[in-house]
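Have a look at the structure below before the remarks.
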Amino acid sequence: MTNGSSPASPAAIFAPPIMTTGSAAIFRDTLPPDFSWVVTGFLVIASLLMALQPKERPRVRTALKIFGMALMGICAAGGVRQLGLPETSLFYGTFRDAALLLGGIAIVNLAAVAAFAGVLRRVRLEPPPIAQDLLMALGYVVVAIMTLSYVGVNLQGIIATSAVLTAVIGFSLQDSLGNVMGGMVLQLEQTIHVGDWVRVEDVEGRVKHIRWRHTAVETRDWDTIVFPNGVLMKAKVTLLGRKEGAPRQRRRWVYFRVGLDHSPPRVMHAVETALRAETNKHIATEPKPQCLLTDFKDGDAVFAARYWLTDLSQPDPTDSLVRTRIYAALRREGIPLAMPTQEVHVAQLDGSREERQREEDLKRRLDALVRLELFDALTEEERTEIAHRLITAHFVRGEVITRQGAEAHWLYIIAEGDADVKVEHGGMVQTVATLHAGQLFGEMGLMTGEPRTASVIAITEVTCYRLGKEAFEDILHRRPSVAEQMSVILAQRRVELEALRDQLGQQAQEERMRTVRDNLLNRIQSFFSINGAAKV
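Its first residue numbered 7, the sequence shown is counted upward by one per residue in my numbering.
Below you can see the structure in the form of structure tokens.
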């Protein structure tokens with residue numbers, strides 16, 4: 007090659023020039039034509055990618071290393087010529103050909119990063135990894151062909167010889183090639199994505215990665231199952247929780263049985279109310295949880311609580327939570343779960359022991375009522391009457407006992423456990439108090455029927471005594487003066503809180519006390535339809 011030669015072809019970029027005299031001239035002439043522009047362009051593009059694509063820096067560094075090896079090959083070829091060896095020498099040809107091949111590979115690598123990450127990713131057209139690998143492999147093949155053609159290798163002979171060899175290799179590796187083609191189809195079709203939950207045969211898990219030969223699926227048992235891509239192309243694959251235009255969630259069923267002596271609508275209402283009362287991050291709000299009557303079997307009614315799971319990695323813990331909600335809801339309603347029909351329980355009941363247990367339970371209820379100031383206006387007989395009519399209600403940890411804004415005419419006395427009082431305002435939820443055994447809440451709902459001003463949520467297992475309006479109504483109708491005495495107690499509790507908040511003086515407290523008391527008394531009388539109450 008001379009200075010007056012025609013423009014160099016792409017393969018000739020790394021081509022060695024004809025030697026001139028002098029060491030400096032040898033190394034200068036060893037460099038390919040326009041080589042300085044190639045190096046400058048390569049380094050500029052690499053610098054831009056390093057700055058603009060931090061995630062691609064490892065790939066850019068790899069391209070730089072390969073390009074550096076190509077430069078070393080060119081220098082080695084120049085050194086061989088400086089030693090006086092001819093162009094036909096083995097050492098010169100080896101260094102020259104290696105430099106050509108490595109330089110082309112480095113350019114293909116850098117061009118792939120620039121095209122896929124620098125351009126196509128920005129316009130959301132980046133092809134899947136396997137397609138990128140295929141395009142890069144095609145680039146390597148082009149570089150290899152150009153290099154072989156430049157150094158004078160007969161490509162027609164190689165192609166003719168390799169056709170038979172390719173057929174033999176293809177036949178022996180047909181399974182492996184099938185897996186590779188399967189991986190290409192999975193990536194190109196994008197039917198299955200990394201992170202999807204799938205079921206293949208009897209295996210359920212999340213797709214960890216999709217490679218050329220296999221797809222790895224991580225199960226909930228912390229196992230990783232490797233499926234050859236050829237198997238996935240032939241097997242039935244279920245994409246769990248995926249529905250077009252809908253969030254990822256999957257329907258779950260929790261079955262339970264109740265005896266036929268209990269009304270199915272009552273069972274379904276109790277369970278649905280409990281499941282919808284408190285939101286959970288793993289249970290979808292839409293569609294809402296449901297309770298369905300699914301079958302009659304062995305003398306029992308078979309029910310199913312149906313909900314939609316949002317985190318497919320948490321089916322068992324969420325099912326367990328739903329079962330605890332069902333158990334607590336049915337226990338509050340006095341509905342026992344059905345016992346297996348083949349079990350026969352034989353017990354000799356001791357009448358005196360049962361009577362003693364009832365007396366102890368009544369004493370606990372009376373003690374709870376006596377400790378509460380609200381019931382000071384009642385006589386011993388009236389407190390005993392109410393104690394008999396208290397309903398025991400059990401709640402599991404995290405369950406909502408009352409919800410802010412709800413209209414429920416119940417008063418609760420905590421017998422065991424603790425509960426938080428939460429108030430929602432402006433989208434923010436704040437815990438304002440914690441209730442313990444012996445305390446009550448919901449008295450305004452019982453006496454006036456006003457909606458709940460706060461939510462009460464169990465923070466431990468909680469057992470409450472629940473008192474309803476109908477259990478208290480008879481006493482107020484027989485003795486209306488009780489309403490006035492209770493209005494005084496309720497007004498005093500409310501004014502004490504308002505006095506602390508508004509910093510009221512003694513006279514202002516007294517005036518507000520009269521106003522609040524009269525207002526509460528009118529609301530109690532209206533709620534219970536009481537007329538002609540005597541003045542205190």
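Ideal placement from N, C-alpha and C gives every residue a C-beta, glycine not left out.
Quick check: what's the CA-CA separation for residue i versus residue j?
i	j	result
V50	R254	44 Å
F534	N525	14 Å
C470	A399	5 Å
A105	V243	48 Å
I113	D139	15 Å
Y261	T225	24 Å
I151	G109	14 Å
A505	E284	34 Å
Q296	P271	12 Å
I332	V277	6 Å
M492	E388	14 Å
F97	L154	17 Å
S319	Q445	40 Å
D317	H288	6 Å
K303	P342	17 Å
V223	R329	29 Å
A374	I463	21 Å
L496	A412	20 Å
V237	A137	20 Å
E490	Q513	22 Å
E430	R409	10 Å
R256	Q509	54 Å
S487	G305	51 Å
F447	E516	25 Å
R212	V200	8 Å
G251	D202	16 Å
Going by C-alpha distance, which of the options is nearest residue i?
i	options	result
I481	I420, M434, E365, M453	M453
M345	P270, A393, L378, V264	V264
G145	F101, V129, V125, A118	A118
T291	L315, S269, A311	L315
L281	G305, T324, L266, A307	T324
Q436	G448, Q363, T459, H268	T459
I72	L116, D367, R395	L116
F309	N286, W259, A393	W259
R380	H394, Q498, G433, T466	Sequence check: residue 380 is Leu here, not Arg. Checking every option, the nearest Cα to that of L380 belongs to Q498.
F233	M239, H220, L245	H220
L336	R359, E365, R364, H275	H275
M78	R63, G90, T100, L89	T100
E210	L245, A307, R529, G47	L245
Take the Cβ of residue i as the centre, count every other Cβ of all protein chains shown within 10 Å, and call the residue buried at 16 or more, exposed below.
i	result
E386	exposed
R87	buried
F313	For the record, residue 313 in the displayed sequence is Tyr; it is not Phe. Y313 is buried by the Cβ-count criterion.
N235	buried
K541	For K541, the predicted model reports a pLDDT of 42, less than 50, meaning its position is unreliable; a value from the coordinates is still stated below. Exposed is the call here.
R484	exposed
W228	exposed
L58	exposed
W43	exposed
S461	buried
Q180	Any reading at Q180 must be qualified, since the residue scores a pLDDT of 49, below 50, and its modelled position is unreliable; the value itself is stated next. When all chains shown are included, Q180 counts as exposed.
Q531	buried
H394	exposed
M434	exposed
L327	buried
R130	exposed
R371	buried
E62	buried
F340	Note that residue 340 is Gly in the sequence shown, not Phe. G340 is exposed by the Cβ-count criterion.
R67	exposed
Is residue i close to the ligand FAD? I mean its beta-carbon at under 7 Å from any heavy atom of the ligand.
i	result
I465	This structure does not include the ligand FAD; it has no bound ligands of any sort.
May I ask which residues mark the beginning and end of the alpha helix (DSSP H) holding residue i?
i	result
E449	449-453
G236	235-240
I392	386-395
Q410	Q410 -> no alpha helix (DSSP H), and no H or E assigned at all.
State the start and end residues of the unbroken beta strand (DSSP E) segment that holds residue i.
i	result
M434	434-441
K61	That residue, K61, is in no beta strand (DSSP E); it is neither H nor E in DSSP.
D306	306-315
E430	425-431
Between residue i and chain E, is any beta-carbon pair separated by less than 8 Å?
i	result
I231	The structure shown has no chain E; it contains just one protein chain.
May I have a chain-ordered list of the beta strand (DSSP E) segments no shorter than 3 residues that lie completely inside the stretch 103-164? none
Could you tell me which whole alpha helix (DSSP H) segments of length 4 or greater appear in the stretch 204-261? 235-240
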